[in-house]
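Everything on this sheet refers to the single structure shown next.
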Amino acid sequence: MLHFNKVTIIGVGLIGGSLARVMKAQKLAAEIHGAGRSRETLEQALKLGVIDHMGQSAADAVENADLVVLAPPVGAFEQIVGEIGPRMKPGAVLTDVGSVKGGLVKMIEHILPPGVHYVPGHPIAGKEKSGVSESTESLFRGARCILTPTDRTDPRALETVRSLWTAAGAQVVTMDADVHDHVFAAVSHLPHVAAYAMVCTVAEMNAGPESYISFTGAGFRDFTRIAASSPEMWKDICLMNSANLVEMIERYQFSLNRLKKAIQRGEGVKIEKIFTLASDVRRGLK
Ligand code: NAP
58 MLHFNKVTII GVGLIGGSLA RVMKAQKLAA EIHGAGRSRE TLEQALKLGV IDHMGQSAAD
118 AVENADLVVL APPVGAFEQI VGEIGPRMKP GAVLTDVGSV KGGLVKMIEH ILPPGVHYVP
178 GHPIAGKEKS GVSESTESLF RGARCILTPT DRTDPRALET VRSLWTAAGA QVVTMDADVH
238 DHVFAAVSHL PHVAAYAMVC TVAEMNAGPE SYISFTGAGF RDFTRIAASS PEMWKDICLM
298 NSANLVEMIE RYQFSLNRLK KAIQRGEGVK IEKIFTLASD VRRGLK
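Using my numbering, you'd call the opening residue of the sequence shown number 58 and step up by one each time.
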């Protein structure tokens with residue numbers, strides 16, 4: 058049966074807080090410790106009952122933990138792993154929820170001391186709102202969770218993390234870390250960049266006293282919902298998956314240019330063909 062004596066969540070925000078809530082609701086951990094950046098967030102998490110204790114530092118908070126979950130923005134991982142690695146007990150499991158895997162997984166495996174079992178993860182659930190106040194026990198229900206084990210991953214630790222995400226209601230899928238980064242550059246990181254760019258494009262335009270943005274309706278709002286996401290988190294993701302993301306931006310520019318040329322040339326048949334293809338694919342998404 059899945060049970061931990063001590064769990065430490067580093068970065069008790071939307072994702073870390075939601076996973077803590079799952080463990081609380083299902084009594085999977087005797088005690089949950091939280092560590093992070095600001096004292097305010099940890100006090101809030103304590104008040105909300107998401108964690109039982111708050112640590113002075115991540116390194117102190119991981120002592121004697123059976124499971125440590127890394128859930129800050131991915132740019133913070135390297136420093137935190139460097140600090141906590143030597144303080145984790147032998148046999149403990151470290152997992153993460155970072156939206157980028159490839160190079161990050163290699164870096165973590167490189168700096169972790171032997172005896173600490175690392176299982177890389179990425180739940181495909183979230184929203185444009187962040188912070189522990191947005192965390193819910195149901196966030197991962199019905200979502201996929203990608204685990205990207207390597208040939209260094211301990212099989213028992215992998216099963217432990219798989220069971221945790223299954224308990225959270227997620228469907229666990231395993232994938233190569235580099236493949237993960239190529240796929241998610243296309244289906245997640247590019248749409249975020251496109252949404253941020255779309256909002257900037259329109260926000261810079263004014264019609265007399267009225268800004269163009271004040272006329273936006275459902276279409277603009279649907280397209281750009283994710284541009285309200287955490288700039289800090291998305292900056293880190295873009296920088297840590299830059300080669301894949303640049304490739305996807307270029308592919309998107311190619312598609313935009315193809316449409317631009319068809320529009321300039323008045324090629325109605327071509328435009329409708331492209332729109333029909335996209336419309337069919339979009340309607341087919343569950
Ligand atoms: P979030 O709600 O903003 O939470 C991030 C938490 O990390 C906050 O509690 C923050 O503390 C803390 N933090 C920030 N910098 C830190 C540092 N240097 N050291 C320790 N703690 C730090 O973000 P989130 O949406 O939960 O995302 C967290 C992770 O999950 C990211 O790696 C992201 O890539 C991944 N992820 C996100 C989504 C999504 O849709 N949101 C989905 C899947 C995976 P303060 O409040 O004090 O700043």
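Idealized CB from N, CA, C, for every residue including glycine.
Please tell me whether R96 and E120 are closer than 8 Å, where the distance is taken between their beta carbons. no
Threshold first: 3 residues or longer. Then list the beta strand (DSSP E) segments lying entirely within the stretch 87–140, N to C. 124–127
Tell me, please, which residues DSSP counts as bridged to Y175. L151
Closest Cα partner of V250 within the set I283, T273, D233, Q228: I283
Using a Cβ-Cβ cutoff of less than 8 Å, which residues in the same chain neighbour I168 once the five nearest sequence positions on both sides are dropped? E135, V138, G139, G142
Inter-residue CB distance, R378 and V230 (contact presumed, cutoff 8 Å): Past the boundaries of the shown model lies residue 378; the chain is included only from 58 to 343, so the question cannot be answered.
Whose C-alpha, out of H60, G276, V326, is nearest the C-alpha of M80? H60
Rounding to the nearest angstrom, what Cα-Cα distance links D235 and H110 in this structure? 36 Å
Three-state class that DSSP yields for F61 in the structure shown: strand
Let me make sure I understand the geometry here. Which of V338, L313, D293 has the alpha-carbon closest to that of M255? L313
How many whole angstroms separate the CB atoms of S75 and F197, which I take to be in contact at a CB cut-off of 8 Å? 7 Å
Report yes or no: do the stretch 87–107 and the stretch 179–199 share at least 3 C-beta pairs separated by less than 8 Å? yes
Taking Cβ positions only, does G155 come closer than 8 Å to chain C? Among the chains of the structure shown, chain C does not appear; only one protein chain is present.
Using a threshold of 8 Å, state whether the C-beta atoms of A149 and A122 are closer than that. yes
For P288 and E329, what's the separation of their Cα atoms in angstroms? 35 Å
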